[in-house]
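Undergrad:
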Amino acid sequence: MDREELQRTKSIMDSLRAEIEVQQEMRRTLESRILANEVRISPASYLPTEILQCIFKACLRSRDYVEPNIRSAPLLLCQICRRWRDVAEATPELW
């Protein structure tokens with residue numbers, strides 16, 4: 000009797016673990032889709048390249064010399080997303 004109950008309990012636990020894995024994968028998929036949609040609807044993603052370049056240039060602390068620092072422009076801008084990195088790298092005034 001006890002062995003059968005133990006076996007049933009193990010079986011239920013195995014089923015629950017499998018269901019948890021399914022739900023975790025579903026959560027990851029949904030999180031990925033949500034993030035992709037948020038990026039698409041971001042107003043910054045619709046800015047023309049020229050406007051982004053003007054904004055990026057305004058972020059510079061000094062016009063004379065750019066100190067390399069990952070916490071300030073232009074290196075910080077390169078870490079936001081692929082498009083911002085491409086725009087920053089294609090803007091010679093930042094470097």
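According to numbering that gives the first Met the number 0, the sequence shown is numbered sequentially starting from 0.
All residues carry an ideal CB built from backbone N, CA and C; glycine is no exception.
Note that this is a predicted model, so its numbers are computed, not measured.
1. I need the straight-line Cα distance from residue 67 to residue 54, nearest angstrom please.
2. Just the Cα atoms here: how many angstroms apart are residue 14 and residue 41?
3. Assuming residue 95 contacts residue 44 under a Cβ cut-off of 8 Å, what Cβ separation, rounded to an integer in Å, is found between them?
4. Could you check what DSSP says for residue 58 in three-state terms: helix, strand or coil?
TA: Quick look at the numbers:
1. Indexing the sequence shown from 1 puts residue 67 at position 68. Indexing the sequence shown from 1 puts residue 54 at position 55. So the alpha carbons of these two residues sit roughly 19 Å apart.
2. What you label residue 14 is simply residue 15 of the sequence shown in a count that begins at 1. What you label residue 41 is simply residue 42 of the sequence shown in a count that begins at 1. Rounded to the nearest angstrom, the two C-alpha atoms are 41 Å apart.
3. The requested residue 95 is not part of the displayed model; the chain covers only 0 to 94.
4. Indexing the sequence shown from 1 puts residue 58 at position 59. Coil.
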